[in-house]
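Protein chains in written order, with the UniProt record's numbering: chain Y, 1 to 443; chain A, 1 to 443. Just so you know, even glycine gets a beta-carbon here, dropped at the ideal spot from N, CA and C. Take a look at the structure set out below.
Structure below.
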């Protein structure tokens, strides 16, 4: 049996970044990935091809010294561009003037991270499908007959929502596991470039909120957009109900009129592209002996806050920070990480579910828009005191669990506003005072 | 590959009863059980050796014509006998005069059910450990080389909280799964008979409620009692903290003074008997093609309402009733069962968790006792209108989900009573009127 210092399962975004960080720290790191080397392959079907990178992810990437390689490929998105039924546009900025999130290609980012980790001495083993993990001996078996078995000082499962390491943990006593699929699935559609340029304003995240479902679009570097339709699997208006070409076309004509001309082969795409499901996974503990789950393997979330990747990257940053604090004493660090990160993972999972309702429904709501305006005034006047929930999650390092609690207090205050409050003149002082009083009780 | 009409995984309580019921209906039924024939074996370690059989379970057993064989082995328990710190006793009846639950031996009951099913033509295959289920072909593989593979028209997984059929379902897309271990474990202790008779009053369920933990005892036919200590795994006062003999003894001296003389070898039992964990499992859907989960395999619950077995037996009754309604058209019946029983399984899971707090803490509470008295008057005066929650769950066939909703309304009403209400003179009419008004809104 081969023996390694640190083995990481999964060469995805989180596995590659953590490998680089640990290798930079002087550890011997081997990464085992069941798929082939993505740098020589096409992108897997059914995965999102672009993601929203924001502050937490960037902080971690900077720590690994890789952000400068990624920055040129980012497309800033300054806010939400809301498309109504008639195609009218309404812009809502995400934060203060310079604050934005970034559209980035999953595969491009992954390839840069693998290159970066490799250049720092990480050994990648592609086409290595782990068939079994033994938690007692910290050993993995592989399907590949040339490398049957590998043991390690430390094993980290960064192998995603269907983690093999988690499968081993699931068989242990007192392992808590929660896996919930939402009623909606998603389907990606492609808006091509028009005459070499973007078919819509590129520096925004486009949303077509339609109550119980929605369409979104993120820009790509080749001037195309990737659209994602989030839509119920079953019911009167659902993937299930759109069986033939005519019903697909009619559906888009009714709900996404302005998109139709941008996707000439819409019906063909709709019938060909896969429909994928959306899952929330919560687990605890994330650790057993010298094995640890990280990223989606322990806390997969729905994509509606754009935080899945960012949370995984933040996992890596915290793992390194806490590792330094605990001198990389694995028997302390692994349980410490599991105990201290769990509440934040739960918080962002819940926030992401809640944001689905906001994105598909509330963004089109008058009161929602008024509250956003008032919050923007509050933040301007009291930048250290009132940070809107979206900004705490997206543009800060405030732990998700704390952000969630503060957000609940903010919501409580905003709910108490009269129906006809004027966002531009409503007095700010009483709001800040009651917020500060509530904060004292909660934090 | 052998082919069967109906295959049931698991010859436990639910598997055996369902096998008998289906066989009585004329179906060919084979039951595959990984353990040996329990009729020629000792009881498995770590399983509760007695259970509380109540109305729902009895209804199902009667349907199978097996209740008369079980009845002689039952020990009626008329209510809770509460033991305080000083050993003072306080009796709380479970229901109206004749209403009671029944202590029954798990293994004795299981053996009767297997005998009964066998006498009705069911084929039992013991020592058959299922290694894999193929949901597409409704086929099972076994470790046993003599029977490698069995396919079936219908496969029913009655194979408990660690179901192999569920393992196959867990790998399918959009399978929701929730597995939660509580902070408490349990340990069984044995109070022997004294001079051939019971050491305590036999026709009650004895409870030593101690706030964050509790001890209970159920009578056995040999005049012994089986005690169960429900106690945190970790913390200041926990299984973890009672490391040596002296601390075990001191713990019992402090909290269970009156039990100490009844268990001469207490410390030895405590150190030898296993500590087991307690899990809630929720899943959905319970069905895929022609395979169905039933009983603990789909909805394992904590034992604090005494409803795990009763819920499983009620599953069997409903499966047969709905089966007759749908003419045993499996492609209709299996999804129908999954869709219509799920809410009740969720409800009893939640009620069972809630009842833990009631048993270990509230039963010793003055207001709780006063409310019980008032409820008893309400039931006496309005027997068709006000049935206390415990009675709906334990002594009726009212669906668990409906009982839970009604119980919430009752609780809402009781919470609104003044601190100093007199349970013996408080007027009943306004309570019934507001309950009836609330019911109209909810049901």
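Open item on the list: Using only CA atoms, which one of Y:214, Y:202, Y:209 lies nearest to residue 221 of chain Y?
Closed with: One-based indexing of the first chain puts residue 221 of chain Y at position 221. Proximity to residue 221 of chain Y across Y:214, Y:202, Y:209 peaks at Y:202, based on C-alpha coordinates.
Open item on the list: Within 8 Å, do at least three Cβ pairs link the segment 5 to 12 of chain A to the segment 152 to 172 of chain A?
Closed with: Judged by Cβ distances under 8 Å, the segment 152 to 172 of chain A makes contact with the segment 5 to 12 of chain A, as three or more pairs qualify.
Open item on the list: Suppose you measure from the CA of residue 67 of chain Y to the CA of residue 134 of chain Y; what does that come to, to the nearest Å?
Closed with: For this step, residue 67 of chain Y is matched to residue 67 along the first chain. For this step, residue 134 of chain Y is matched to residue 134 along the first chain. Cα-Cα distance, rounded: 36 Å.
Task: Helix, strand or coil at residue 299 of chain A [DSSP, three-state] - done: Position 299 of the second chain, counting from 1, holds the residue named residue 299 of chain A. Helix at residue 299 of chain A.
Task: As assigned by DSSP and simplified to three states, the class of residue 97 of chain Y - done: What you label residue 97 of chain Y is simply residue 97 of the first chain in a count that begins at 1. Of the three classes helix, strand and coil, the one that applies to residue 97 of chain Y here is coil, per DSSP.
Task: Contact under 7 Å by Cβ, residue 272 of chain Y with residue 180 of chain Y - done: Along the first chain, read from residue 1 onward, the residue named residue 272 of chain Y stands at position 272. Along the first chain, read from residue 1 onward, the residue named residue 180 of chain Y stands at position 180. Not a contact, by the Cβ cut-off of 7 Å.
Open item on the list: Give me the residue from A:381, A:295, A:314, A:207 with the minimum Cα distance to residue 64 of chain A.
Closed with: Within the second chain, numbered from 1, the residue matching residue 64 of chain A stands at position 64. Restricting attention to A:381, A:295, A:314, A:207, the CA atom closest to the CA of residue 64 of chain A is found in A:314.
Task: Beta-carbon separation (whole angstroms), residue 122 of chain Y vs residue 73 of chain Y, contact threshold 8 Å - done: In the first chain, counting from the first residue as 1, residue 122 of chain Y sits at position 122. In the first chain, counting from the first residue as 1, residue 73 of chain Y sits at position 73. Actually they do not touch by this definition, with Cβ atoms about 21 Å apart.
TODO: Mind checking which residues open and close the beta strand (DSSP E) that includes residue 152 of chain A?
DONE: In the second chain, counting from the first residue as 1, residue 152 of chain A sits at position 152. Per DSSP, residue 152 of chain A belongs to the beta strand (DSSP E) from 149 to 157.
Open item on the list: Taking the alpha-carbon of residue 164 of chain Y as reference, which of Y:260, Y:130, Y:190, Y:191 has the nearest alpha-carbon?
Closed with: Counted from its first residue, the first chain places residue 164 of chain Y at position 164. Nearest C-alpha to residue 164 of chain Y: Y:130.
Open item on the list: Rounded to the nearest angstrom, what separates residue 421 of chain A and residue 368 of chain A at their Cα positions?
Closed with: The sequence position of residue 421 of chain A within the second chain is 421, counting from 1. The sequence position of residue 368 of chain A within the second chain is 368, counting from 1. Their backbone Cα atoms lie some 12 Å apart in a straight line.
TODO: Report the option in Y:23, Y:335, Y:188 whose CA atom is closest to the CA atom of residue 120 of chain Y.
DONE: If you number the first chain from 1, residue 120 of chain Y lands on position 120. The shortest C-alpha separation from residue 120 of chain Y is found at Y:23.
TODO: Keeping to the same chain, check which residues put their C-beta closer than 8 Å to that of residue 142 of chain A; ignore five residues upstream and five downstream.
DONE: As a first step, residue 142 of chain A must be located in the second chain, where it is residue number 142. Excluding positions up to five away in sequence, the list reads 32, 128, 129, 130, 131, 148, 149, 150.
- [ ] Could you tell me which residues DSSP pairs with residue 18 of chain A in its beta bridges?
- [x] In the second chain, the residue the question calls residue 18 of chain A occupies position 18. According to the DSSP secondary-structure assignment, residue 18 of chain A is paired through a beta bridge with no residue.
Task: contact_flag[the segment 300 to 320 of chain Y, the segment 49 to 57 of chain Y] where n(CB pairs < 8 Å) is 3 or more - done: Contact between the segment 300 to 320 of chain Y and the segment 49 to 57 of chain Y is present, because at least three Cβ pairs lie under 8 Å.
Task: Close-in-space but distant-in-sequence residues of the same chain around residue 355 of chain A (CB under 6 Å, 5 per side omitted) - done: Locating residue 355 of chain A in the second chain gives position 355, where the first residue counts as 1. Same-chain partners within the cutoff: 304, 305.
Open item on the list: At 4 residues or longer, what runs of the alpha helix (DSSP H) sit wholly inside the segment 298 to 332 of chain Y?
Closed with: If only uninterrupted alpha helix (DSSP H) runs of at least 4 residues are considered, those enclosed by the segment 298 to 332 of chain Y are 308 to 325.
Task: N-terminal and C-terminal residue of the beta strand (DSSP E) that residue 4 of chain Y is part of - done: What you label residue 4 of chain Y is simply residue 4 of the first chain in a count that begins at 1. 2 to 9 is the extent of the beta strand (DSSP E) around residue 4 of chain Y.
Task: Run of the alpha helix (DSSP H) containing residue 444 of chain A, from where it starts to where it stops - done: With chain A covering 1 to 443 only, the question about residue 444 of chain A has no answer from this structure.
- [ ] Identify the contact partners of residue 177 of chain Y in chain A, using a Cβ-Cβ distance below 9 Å as the criterion.
- [x] As a working mapping, residue 177 of chain Y is identified with position 177 in the first chain. Using a Cβ-Cβ cut-off of 9 Å, residue 177 of chain Y is close to 177, 178, 179, 180 of chain A, given in chain order.
Open item on the list: Rounded to the nearest angstrom, what separates residue 382 of chain Y and residue 428 of chain Y at their Cα positions?
Closed with: Start at 1 with the first residue of the first chain, and residue 382 of chain Y comes out as number 382. Start at 1 with the first residue of the first chain, and residue 428 of chain Y comes out as number 428. Taking the straight line joining both Cα atoms gives about 9 Å.
TODO: Output the boundary residues of the beta strand (DSSP E) element that contains residue 197 of chain A.
DONE: On the second chain, position 197 is the one that residue 197 of chain A refers to. No beta strand (DSSP E) contains residue 197 of chain A, which DSSP labels as neither H nor E.
- [ ] Out of A:113, A:188, A:284, state which residue places its alpha-carbon closest to the alpha-carbon of residue 177 of chain A.
- [x] Counting from one through the second chain, the residue named residue 177 of chain A turns up at place 177. Its Cα nearest to that of residue 177 of chain A, the residue A:284 stands out among A:113, A:188, A:284.
TODO: Report the three-state DSSP secondary structure of residue 134 of chain Y (helix, strand or coil).
DONE: Counting from one through the first chain, the residue named residue 134 of chain Y turns up at place 134. Per DSSP, reduced to three states, the secondary structure at residue 134 of chain Y is strand.
TODO: Determine whether the Cβ of residue 159 of chain A lies closer than 7 Å to any Cβ atom of chain Y.
DONE: Start at 1 with the first residue of the second chain, and residue 159 of chain A comes out as number 159. Judged by the 7 Å Cβ criterion, residue 159 of chain A is not in contact with chain Y.
Task: residue 404 of chain A classed as buried or exposed, judged by whether at least 16 other C-beta atoms fall within 10 angstroms - done: By one-based count along the second chain, residue 404 of chain A stands at place 404. Buried, by the Cβ-count rule.
Open item on the list: Rounding to the nearest angstrom, what Cα-Cα distance links residue 441 of chain Y and residue 386 of chain Y in this structure?
Closed with: In the first chain, residue 441 of chain Y corresponds to position 441, counting from 1. In the first chain, residue 386 of chain Y corresponds to position 386, counting from 1. Answer to the nearest angstrom: the Cα atoms are 16 Å apart.
Open item on the list: Quick test of your reading: residue 275 of chain A and residue 185 of chain A, contact by CB under 8 Å. State the CB separation rounded to the nearest angstrom.
Closed with: Translated into the one-based positions of the second chain, residue 275 of chain A becomes position 275. Translated into the one-based positions of the second chain, residue 185 of chain A becomes position 185. Going by Cβ atoms, the distance from residue 275 of chain A to residue 185 of chain A rounds to 5 Å, so yes, they are a contact pair.
Open item on the list: Give me the subset of the segment 267 to 278 of chain A whose CB atoms are less than 7 Å from a CB atom of chain Y, sorted by chain position.
Closed with: Correct list: 277.
Task: Residues bridged to residue 293 of chain Y (per DSSP) - done: In the first chain, residue 293 of chain Y corresponds to position 293, counting from 1. By DSSP's assignment, residue 293 of chain Y forms a beta bridge with Y:157.
Task: Start-to-end residues for the beta strand (DSSP E) that takes in residue 30 of chain A - done: Locating residue 30 of chain A in the second chain gives position 30, where the first residue counts as 1. From DSSP, the beta strand (DSSP E) with residue 30 of chain A extends over 29 to 32.
TODO: Determine the contact status of residue 390 of chain Y and residue 348 of chain Y, defining contact as a CB-CB distance below 7 Å.
DONE: As a position in the first chain, residue 390 of chain Y is number 390, starting the count at 1. As a position in the first chain, residue 348 of chain Y is number 348, starting the count at 1. Cβ distance not < 7 Å, so residue 390 of chain Y and residue 348 of chain Y don't count as in contact.
- [ ] Give me the Cα-Cα distance between residue 434 of chain Y and residue 76 of chain A, rounded to the nearest whole angstrom.
- [x] Position 434 of the first chain, counting from 1, holds the residue named residue 434 of chain Y. Position 76 of the second chain, counting from 1, holds the residue named residue 76 of chain A. Distance from the CA of residue 434 of chain Y to the CA of residue 76 of chain A, rounded to the nearest whole angstrom, comes to 58 Å.
TODO: Sort A:188, A:205, A:94, A:223 by Cα distance to residue 196 of chain A and report the nearest one.
DONE: Position 196 of the second chain holds residue 196 of chain A. The residue with the shortest Cα to Cα distance from residue 196 of chain A is A:223.
Task: Selection from A:288, A:229, A:292, A:426 that minimises the alpha carbon distance to residue 266 of chain A - done: Locating residue 266 of chain A in the second chain gives position 266, counting from the first residue. For the residues A:288, A:229, A:292, A:426, the minimum Cα distance to residue 266 of chain A belongs to A:229.
- [ ] Check each candidate in A:1, A:28, A:60, A:2 and name the one with the smallest Cα separation from residue 311 of chain A.
- [x] Here residue 311 of chain A refers to the residue found at position 311 when the second chain is read from its first residue. Ranking the options by Cα distance to residue 311 of chain A, first place goes to A:60.
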